[in-house]
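**Student:**
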Amino acid sequence: MNNDEKNKLASIVLAPYIQKAYALIGIHRETGGNQFRHAMATMSILIDYHYIDSVLLKAGILHDLLEDFHEAREENIREIQDEDVENVIKLVKEVTRNPHETKREFYERLLHHGSEKAKILKCADVISNLTDLHIDNISSNKIKTNLDLYEEIILPMAWEVNKNMHYEIEDLIHSRRIYVKSYHKDWLTSLLKKNI
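For the sequence shown, the working numbering begins at -3 and goes up steadily by one.
1) If you run the structure through DSSP and keep just helix, strand and coil, what is residue 30?
2) Under 8 Å between the Cβ atoms of residue 88 and residue 62?
3) State the DSSP-derived secondary structure class of residue 162, mapped to helix, strand or coil.
4) Pick helix, strand or coil for residue 59, following the three-state DSSP scheme.
5) Tell me whether the region 67 to 77 and the region 12 to 19 touch, counting them as touching only if at least three CB pairs, one residue from each stretch, are closer than 8 Å.
6) Would residue 41 be called buried (16 or more neighbouring beta carbons within 10 Å of its own) or exposed?
7) Using a 10 Å radius around the Cβ and a threshold of 16 neighbouring Cβ atoms, would you call residue 172 buried or exposed?
8) I think residue 118 touches residue 153, with their Cβ atoms under 8 Å apart; what is that distance to the nearest whole Å?
9) Give a yes or no on whether the C-beta atoms belonging to residue 134 and residue 26 are separated by under 8 Å.
10) For residue 66 versus residue 38, is the C-beta spacing smaller than 8 Å?
11) At what residue ranges does the region 77 to 147 contain a whole run of the alpha helix (DSSP H), taking only runs of 4 or more?
12) By a C-beta neighbour count over all protein chains shown, 10 Å radius and 16 as the cutoff for buried, is residue 7 buried or exposed?
13) Inspect the beta-carbon positions of residue 175 and residue 145 and report whether they are closer than 8 Å.
14) To which residues does DSSP link residue 170 through a beta bridge?
15) Whose CA, out of 49, 69, 109, lies closest to the CA of residue 1?
16) If we count the other Cβ atoms within 10 Å of its Cβ and call it buried at 16 or more, is residue 47 buried or exposed?
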């Protein structure tokens, strides 16, 4: 991070958004941990990729609030009175899956109609999801389905907005596929040994 980025980051007031995201601490993730940690990780990934944009970082903190904390409303976010709040709400809504959408439809909507910021945010979200993916918490079939969707839809999205994110997501998909195969092979071997 260069000095300009450090100064810009230091001037962004994130605390009110972090306080709102704290509601996610009670939302357990299938992969372990909670949604608050995931929100912080997503924001950190954006910073790691040098996205020092106040709206993007604030939306990164709140990106799952409306989808995962069902009591949350736009008005709750609007209680934060700063110059970015309306654009943050707009971006959070853009990366929130509608109740009638399948995951595939949601990803395709973002790929074909999403703003650049929405695509960048979704890529950071996926990097966090892939980093936290563990076979002991999620079925291998569900992992394979998610990996297929990421490969088919998220990789082209990442290629469009940030080649380095694309390469990281591609590497994470590859390593998770190896992990799933290895886990399945180890599990099958263990089962066969027990039956011998």
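Backbone N, C-alpha and C define an ideal beta-carbon position, used for all residues, glycine too.
**Tutor:** Put simply:
1) Walking along the sequence shown from the start, residue 30 turns up at place 34. Residue 30: strand per DSSP, three-state reduction.
2) As a working note, residue 88 is residue 92 in the sequence shown. As a working note, residue 62 is residue 66 in the sequence shown. Cβ distance < 8 Å, so residue 88 and residue 62 count as in contact.
3) In the sequence shown, residue 162 corresponds to position 166, counting from 1. Correct three-state label for residue 162: helix.
4) Counting from one through the sequence shown, the residue named residue 59 turns up at place 63. The answer is coil: DSSP assigns residue 59 none of H, G, I, E or B.
5) A contact exists between the region 67 to 77 and the region 12 to 19.
6) Start at 1 with the first residue of the sequence shown, and residue 41 comes out as number 45. Residue 41 should be labelled buried.
7) Locating residue 172 in the sequence shown gives position 176, counting from the first residue. It counts as buried.
8) Translated into positions along the sequence shown, residue 118 becomes position 122. Translated into positions along the sequence shown, residue 153 becomes position 157. About 7 Å; that satisfies the 8 Å criterion.
9) Position 138 of the sequence shown, counted from the first residue, corresponds to residue 134. Position 30 of the sequence shown, counted from the first residue, corresponds to residue 26. Yes, they are a contact pair.
10) Your numbering for residue 66 matches position 70 in the sequence shown. Your numbering for residue 38 matches position 42 in the sequence shown. No, the pair does not count as a contact, with Cβ atoms beyond the cut-off.
11) 81 to 90, 99 to 109, 112 to 127, 136 to 145
12) Numbered from 1 along the sequence shown, position 11 holds the residue referred to as residue 7. Exposed, since its Cβ has fewer than 16 Cβ neighbours within 10 Å.
13) Here residue 175 corresponds to residue number 179 of the sequence shown, with the count starting at 1. Here residue 145 corresponds to residue number 149 of the sequence shown, with the count starting at 1. Not closer than 8 Å, so no.
14) To locate residue 170, count along the sequence shown from 1; it is residue 174. In the DSSP output, where bridge partners are listed per residue, residue 170 has none listed.
15) Working through the sequence shown from its first residue, we reach residue 1 at position 5. Distances from the CA of residue 1 to each of 49, 69, 109 were compared; the closest alpha carbon is that of 49.
16) The residue given as residue 47 occupies position 51 in the sequence shown. By the 10 Å Cβ count, residue 47 comes out buried.
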